[in-house]
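>
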Amino acid sequence: MASEVWDGERRKTEDVGAFSSSSYTYFVPDEYWQAPEVAHRMAYGYGYLTWEWRQGIRSYAMPFVMSLLYDIARALSLDNGDVLELIPKLWSGSIAILTDLAMVELARKLFGVEVAFNAILCQVSSCFFFYCMSRSLVNSVEACLITSILALWPWSGLKDKPAGSMVALSWLMAVCFLIRPTSVAMLLPLLCRGAVALRAAAARREVHRHLVGSITSFLIAAAVIIGIDSYFYGRFVLSAWNFFYFNAVQGGGSIYGSHVWWWYFSEGIPTLLMTSIPLVFYGMRKRFHRELLECVIVTTVMHRLYSRRRLSVFNDMLTWRLWLLASVGLLATNLAPALYLSLVHQRGVVDVVRWLRHDDVSHSHLLKMVLVLVRVLHRNISLTFLDCSPPPHRPSDPLDRSCLTSPELDEADRFFQSPQTFLECAFDGDRTARVLPSHIVMFANLEEQVEGFLTSHHYMLRKEIFHTHIPLEVRANSL
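The number in our numbering is simply the position in the sequence shown, starting from 1, with 45 added.
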């Protein structure tokens with residue numbers, strides 16, 4: 046499968062974390078629209094925001110931090126397209142390193158040093174962890190925050206627990222809840238157990254001191270996040286509430302597809318765990334710290350599985366020979382798919398923007414049927430692409446407005462029903478004043494379907510770029 050362009054003119058942990066930033070492929074749109082593209086707009090004043098940002102269901106906290114990195118690059122005169130493409134990768138690599146370090150600390154605290162090595166082996170050898178943590182997803186930050194929260198959690202009680210660690214724990218929980226409200230499901234069992242433990246605690250004064258400090262820290266952190274969101278939205282916004290209301294109350298989470306309830310157990314979790322499945326079942330038989338298992342079960346039951354977290358560890362009874370054998374087995378079965386998915390599979394939609402960046406498109410108008418990456422292009426040019434916003438948030442001036450017949454469908458659905466007709470409506474209609482795009486970026490299978498439009502307007506093939514060996518979506522030539 047290819048994309049086409051037409052124009053009318055700790056050391057090991059740190060090493061693994063850094064290596065996990067070497068992703069050159071496409072996974073989901075959110076890896077761009079949740080932070081990098083938004084941060085680019087914040088730093089440079091141009092770029093596209095998806096409907097979520099217009100409706101206030103996303104937090105600006107993560108894009109704000111990333112925009113500061115763009116500002117630093119600009120201050121150092123390093124803000125070219127290559128550097129702006131690299132910054133999110135460095136961000137993702139740093140998040141992966143912090144997650145690995147937090148996992149080591151969590152396993153060490155619960156099971157000892159030997160098991161900590163086994164735990165990090167399971168994590169860094171996970172194909173799906175490698176594939177997802179290398180991307181600028183808010184889910185990756187959520188995974189890092191939750192793992193850090195678990196590492197700071199007072200598993201042995203509040204006795205002799207430093208006040209500073211409880212303050213840090215409260216800050217992390219506030220940030221995690223506000224940038225990713227679904228994280229409540231993962232931590233709910235721990236919070237319930239913690240509430241019961243507080244009621245049964247003998248040292249009331251000590252409990253009161255920790256409780257007051259934690260609540261104060263939580264509220265301060267929440268105020269900071271809400272302040273950032275309200276400032277950039279230009280009005281008072283509770284993005285966490287808007288997110289919950291849209292997805293849980295209005296049912297917006299199912300707009301872009303849903304799975305049957307058993308999909309989590311038949312495909313979701315097995316894809317996440319892969320060759321670690323036997324180890325997980327073995328670990329589930331043990332009775333120590335069942336709270337972790339409770340967290341996983343509650344998360345799976347309460348909301349859609351988004352596989353970014355790993356709590357599976359080796360048992361500390363493994364001999365070094367068995368550990369070595371398991372290490373080789375895990376790496377052998379996970380390394381190859383991890384490298385393929387991160388370096389080869391679905392890389393065309395990213396490579397095409399890199400090619401455009403080095404082509405002369407400074408004064409161009411692009412029509413794209415694939416992903417738009419203004420940050421990578423780093424040029425303030427006109428972009429037109431197919432909108433797929435949910436009904437209440439669709440554009441008032443759709444591309445095919447001159448002959449709109451199915452307003453209940455989004456632009457992408459209407460386009461793929463009849464690509465040739467859609468383009469004629471958008472650019473050849475009697476009631477439209479749209480200027481023809483100088484470049485058209487699309488998947489190769491669409492060429493035959495829109496050949497009449499391309500020929501009549503004298504478009505020529507400029508570049509064909511490899512995308513994937515295994516197409517996944519039928520509408521884009523099984524992209």
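C-beta: ideal position from N, C-alpha, C; glycine also. Given the structure is predicted, the values throughout are model-derived calculations rather than measurements.
Taking the CB atoms as reference points, tell me whether Cys-433 and Cys-448 lie closer together than 7 Å.
In this structure, Cys-448 does not lie closer than 7 Å to Cys-433 by Cβ.
> Out of Ile-140, Leu-481, Gln-168, point me to the one whose CA is closest to Ala-152's CA.
Checked all of Ile-140, Leu-481, Gln-168; the closest Cα to Ala-152 is Gln-168.
> Suppose you measure from the CA of Tyr-93 to the CA of Pro-133; what does that come to, to the nearest Å?
17 Å
> Could you tell me which of Glu-496, Val-398, Ile-142, Val-495 sits nearest to Ile-510, measuring between CA atoms?
Val-398
> Under a Cβ-count criterion, where at least 16 other Cβ atoms within 10 Å of its own Cβ denotes burial, should Val-480 be classed as buried or exposed?
exposed
> How many Å lie between Ala-230 and Cys-221 at the Cα?
Roughly 12 Å separates the two Cα atoms.
> Would Trp-307 be called buried (16 or more neighbouring beta carbons within 10 Å of its own) or exposed?
Counting the other Cβ atoms within 10 Å of the Cβ of Trp-307 gives fewer than 16, which makes it exposed.
> Are the beta-carbon atoms belonging to Gln-79 and Val-183 less than 7 Å from one another?
yes
> Closest to His-423 by CA distance: which of Val-83, Ser-210, Thr-70, Val-73 is it?
Val-83
> Enumerate in chain order the residues of its own chain whose CB-to-CB distance from Asp-361 is below 8 Å, with the five nearest sequence positions on each side excluded.
Low confidence applies here, because Asp-361 scores a pLDDT of 33, under 50, leaving its location unreliable and the question unanswered by this model.
> Looking at the unbroken alpha helix (DSSP H) that takes in Ser-463, where does it start and where does it end?
It is not in any alpha helix (DSSP H) - Ser-463 carries neither H nor E in the DSSP assignment.
> Mapping the DSSP letters down to three states, classify Arg-507 as helix, strand or coil.
strand
> Between the alpha carbons of Val-394 and Thr-70, how many angstroms are there, rounded?
Answer to the nearest angstrom: the Cα atoms are 8 Å apart.
> By the 10 Å Cβ neighbour count, where 16 or more other Cβ atoms means buried, how is Tyr-504 classified, buried or exposed?
buried
> Does DSSP put His-255 in a helix, a strand or coil?
helix
> How should Leu-506 be labelled, buried or exposed, when 16 other C-beta atoms within 10 angstroms of its C-beta is the threshold for buried?
exposed
> In the structure shown, what three-state DSSP assignment does Leu-235 receive?
helix
> According to the Cβ coordinates, are Leu-431 and Ala-457 closer than 7 Å?
yes
> What is the DSSP secondary structure of Ile-426, counted as helix, strand or coil?
coil
> With distances taken Cα to Cα, identify the nearest neighbour of Gly-126 among Leu-197, Phe-326, Trp-400.
Trp-400
> Using 8 Å as the cut-off, can you tell me whether the region 138-147 makes contact with the region 108-122, which would need three or more C-beta pairs spanning the two stretches below that distance?
No contact exists between the region 138-147 and the region 108-122.
> I need the straight-line Cα distance from Phe-310 to Leu-317, nearest angstrom please.
10 Å
> Please go through the region 96-163 and give each complete alpha helix (DSSP H) segment of 4 or more residues, from N-terminal end onward.
96-100, 106-120, 126-156
> Any idea what DSSP makes of His-403, helix, strand or coil?
helix
> Measuring CB to CB, does Ser-104 end up less than 7 Å from Ser-137?
no
> Use the C-beta contact count for Ile-265: other C-beta atoms within 10 angstroms, 16 or more gives buried, fewer gives exposed.
exposed
> Just to confirm before moving on: does the CB-CB distance between Thr-467 and Asp-442 stay below 7 Å?
For the sequence presented, residue 467 should be read as Phe rather than Thr. Taking a C-beta distance under 7 Å as the contact criterion, Phe-467 and Asp-442 do not qualify as a contact pair.
> So the beta strand (DSSP E) Val-486 belongs to, where does it begin and stop?
DSSP places Val-486 inside the beta strand (DSSP E), whose first and last residues are 484-488.
> List the whole-angstrom C-beta distance separating Ile-194 from Leu-166, where the pair is believed to meet the contact cut-off of C-beta under 8 Å.
Actually they do not touch by this definition, with Cβ atoms about 22 Å apart.
> Quick check on the DSSP output: the alpha helix (DSSP H) that includes Tyr-327 runs from which residue to which?
322-329
> Does DSSP put Ile-191 in a helix, in a strand, or in coil?
helix
> Leaving out five residues on either side along the sequence, give the residues of the same chain with a beta carbon under 7 Å from the beta carbon of Thr-344.
Ala-230, Met-231
> Let me make sure I understand the geometry here. Which of Phe-281, Pro-315, Leu-235, Gly-296 has the alpha-carbon closest to that of Pro-435?
Gly-296
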